[in-house]
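Here the structure comes first, spelled out in structure tokens, and everything after it is commentary.
Residue numbers (my numbering), protein chains in the order written: chain D, 397 to 701; chain E, 224 to 773.
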């Protein structure tokens, strides 16, 4: 296991290097730069800004400087949030995005797994049909559409919840729900299929033939085994959720990583874009690693050596 | 027993009344004096010398004041200065090149220290520092030595120090500031009312560096002080008890950073904001709403929208074709039927509310298909437009731009028979293409930095000017601009600008569309709002100190 983890960490570093080079190249290839503004800046101003931020240097020198700074834990400066380092900006947004992501993930699990299991245990019943209906609706409505509907109903009409912002429990409810519905639907579908498959296994039939009580079979045999595929998909879902949803964070005015990234792209804020992308890459790779380890713990048949 | 119970009961009632009544009266008499507005996003920074965008300016204008300021009618007023310099009061030298400001001795910083002429000298010289790379510095290149210092990016520190010392800004004493220009500049006083030359504190900046704009160190001389900057979420301002002038009525101003206009509007409807924009396309429903219709605030902005032609590429190098397109657009229909009556049709460049606006200009461009066809024939094309090549129209794919582009496309096709292809582009990509003149016909808008034709004509249509992306070049126009920029007699100056604008209208390097209008919602409880055509995202942000909550 240790060897496996070291191996994966090595590849994580390689992945981050490749991602940083590709992102750095794309940023400089995309039309429009940080100083392209509706009111054109004077040439002297552009020269001064390029000099100040090192954009007057050749491409590879800039990339080399970036990597050297990165090795020192410095993600550079932001052009659109001047006077603030990218590290400090991301660290401000990270707790918000992570909190929202974890709450949304918990909601997705709380909704998805019972919904899927109920559908499987009562296959072809009204419960199954309702479960499939809810899953389909959750999967079909984009999060931002649901978010707008939630705002209209619970903020504008009923005045129960704030439309957005950050800092109170009330402000998390709607964005977390809007963010959770799609993964909840996905988890419900996987859980249903997986549970049905497990229920048809010989050991379940044997247990039933032995007269073991239904709830014991359910919790001891079916639930544990049917969750393995769910965990496989839940990992990337968690990575997706805690990386921040660009649209949901913008819609609900949550000052998280997703909104920062979008603003960074629109402003051609190279430092902020690089920092955000590296954070995403790191988050996805790290969570996948954790899921793989967890996978081995839950299923002893899996060995990494 | 009954008597005792009754006595006890009435005693309790009296006690309850004593407890409840004061709280009732206090709750009705003390409406919290908090104004909640939105600045549409995180300010890049809030350093007056470096700021450029409206989000930044809105914060700065609450915390700082300059030597001069603007009244609600956008005329100049003395603020940090004792009076507006004139030739008569010896504030302006006879040759128009030296300005002497006498300071208002009552003005203090929020920590109680006096604001002195040295603070202004420090601030203006700092503005020119190439290491600061401030974006609006070029406005002040008429000041002696300013451009030379700013351009010395690669110079060593000793040279930079010498160049800085040579800048024509000097504190004669604590209350006298002298500024020398290369040439007379009648609009220099207006530039002195803008935020880049507001005073900043040398000791604070040297002590805290880039972090001086965080709340604990953000010392200003304006009516409010900043107590909180929750990055990406909101800024809180409270009244400055050391403010020299009339103290603000508001206890607090909360500036939210909601980026999505629909979210801002929803927050207003949920009573989280006192002022809001209205998303494009729902103006009519707002006007029809019994409650919201009473909360609408409308007023003209100093903003003109147009489509600029690249006059160096075919077929837009043909003046009569440009005039034909100008005459073929029914702007009234666009404003009334598409924009629910919000805005005003534009037939010339300088908008109403600005010196130099002339409603009689552009008579040829009032919607007239016959006239448009005459221009088309004069341009050398057939009357039905069948031999005109397809025209490419580019725009940044944001806000109402797609609607306007589609409207123009349809009008040109229906009225002149010319096909127009429309090309939406990502905002930055569009801006780069336009700035590099890699376009043929593109969406265009200009808002006032200061209320004078000086800011509206030479910078946009002068040969090789920084914001002239049409490629338009007219020697006679350039000559008029040079004369007007230095003419000290205001009547003569405006006459020169009028001639210059008439040339632009006649040559039509742009297709004039509309003068923008503010269409906002303001809660009825917000009183005393004073708005201008140059406000930032929040109407009245130049005069928040006057606002109170009823």
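Cβ atoms here follow ideal geometry from the backbone N, Cα and C, with glycine treated the same way.
Query, Result
"Can you list, in chain order, the residues of its chain whose CB lies under 6 Å from that of residue 720 of chain E, leaving out five sequence neighbours each side?", "579, 676 and 707"
"Report back the beta-carbon spacing between residue 799 of chain E and residue 634 of chain E to the nearest angstrom; my notes put them in contact at under 8 Å.", "Nothing in the structure corresponds to residue 799 of chain E, since chain E is present only between 224 and 773."
"If distances are taken between C-alpha atoms only, which option among D:671, D:621 and D:568 comes closest to residue 594 of chain D?", "D:621"
"Once DSSP output is grouped into helix, strand and coil, what is the label at residue 628 of chain D?", "helix"
"Starting from residue 642 of chain D, find everything on chain E with Cβ-Cβ shorter than 7 Å and list it in chain order.", "None at all; the shortest Cβ gap to chain E is about 11 Å."
"For the region 455–475 of chain E against the region 305–316 of chain E, are there 3 or more C-beta pairs whose distance is under 8 Å?", "no"
"Closer than 9 Å, Cβ to Cβ, to anything on chain D: give me those residues from the region 430–455 of chain E, in chain order.", "432, 433, 434, 435, 436, 437, 453, 454 and 455"
"I need the DSSP call for residue 467 of chain E, collapsed to helix, strand or coil.", "coil"
"Alpha helix (DSSP H) containing residue 439 of chain D: first to last residue?", "439–449"
"Is the shortest distance between the beta-carbon of residue 439 of chain D and the beta-carbons of chain E less than 9 Å?", "yes"
"If residue 543 of chain E and residue 602 of chain E are in contact, beta carbons under 8 Å, what's the gap, nearest whole angstrom?", "4 Å"
"Counting along the chain, where does the alpha helix (DSSP H) carrying residue 720 of chain E start and finish?", "713–730"
"For residue 251 of chain E and residue 773 of chain E, what's the separation of their Cα atoms in angstroms?", "Here residue 251 of chain E scores only 41 on pLDDT, less than 50, and its place in the model is too uncertain to base an answer on."
"Looking only at its chain, what residues have a beta carbon closer than 8 Å to the beta carbon of residue 629 of chain D, apart from the 5 residues adjacent to it on each side?", "582, 583 and 586"
"Is any beta-carbon of chain D found at less than 9 Å from that of residue 287 of chain E?", "no"
"How would you list, in chain order, the residues of chain E whose beta-carbon sits under 7 Å from the beta-carbon of residue 483 of chain D?", "Ordered by position in chain E, no residue passes the 7 Å Cβ test against residue 483 of chain D, which lies about 13 Å from the chain."
"Compute the Euclidean distance between the alpha carbons of residue 444 of chain D and residue 437 of chain D, then round it to the nearest angstrom.", "11 Å"
"Answer with yes or no whether the minimum CB distance from residue 756 of chain E to chain D is below 9 Å.", "no"
"Following the continuous alpha helix (DSSP H) through residue 650 of chain D, name the residue where it begins and the one where it ends.", "Unbroken run through residue 650 of chain D: none, as it is neither H nor E."
"Is the beta carbon of residue 406 of chain E sitting closer than 9 Å to the one on residue 709 of chain E?", "yes"
"Would the region 636–645 of chain E and the region 599–614 of chain E be scored as touching if the rule is three or more Cβ pairs under 8 Å?", "yes"
"Determine, using beta carbons only, whether residue 524 of chain D and residue 515 of chain D come nearer to each other than 9 Å.", "yes"
"Does DSSP classify residue 753 of chain E as helix, strand or coil?", "coil"
"Cα separation between residue 498 of chain E and residue 746 of chain E?", "7 Å"
"Could you compute how far the alpha carbon of residue 327 of chain E sits from the alpha carbon of residue 419 of chain E?", "19 Å"
"Among residues of its own chain, excluding the 5 on either side of residue 566 of chain E, which ones have a beta-carbon nearer than 7 Å to its beta-carbon?", "558, 737, 738, 739 and 740"
"With distances taken between CB atoms, is the gap from residue 268 of chain E to residue 436 of chain E smaller than 9 Å?", "yes"
"Please give the ranges of any beta strand (DSSP E) in the region 410–478 of chain E, keeping only runs that are unbroken, at least 3 residues long and fully inside the region.", "447–453 and 457–462"
"Taking 7 Å as the limit between beta carbons, can you name the residues of its chain near residue 576 of chain E, skipping five residues before and five after?", "523, 525 and 756"
"Determine the chain D residues that contact residue 194 of chain E at a beta-carbon separation under 7 Å, and present them in chain order.", "Past the edges of chain E, shown from 224 to 773, lies residue 194 of chain E, and the structure says nothing about it."
"So does the region 758–767 of chain E actually touch the region 280–294 of chain E, counting three or more Cβ pairs closer than 8 Å?", "yes"
"Taking its Cβ as the centre, do 16 or more other Cβ atoms sit within 10 Å of residue 432 of chain D, making it buried, or is it exposed?", "buried"
"Starting from residue 381 of chain E, trace the alpha helix (DSSP H) in both directions and tell me its first and last residue.", "380–388"
"Going along chain E, which residues have a C-beta under 9 Å from residue 478 of chain D?", "267, 268, 270, 273 and 433"
"Hey, out of E:259, E:286 and E:465, whose CA is closest to residue 334 of chain E's CA?", "E:465"
"Here's the rule I'm using: 16 or more other beta-carbon atoms within 10 Å means buried, otherwise exposed. How should residue 487 of chain D be labelled?", "exposed"
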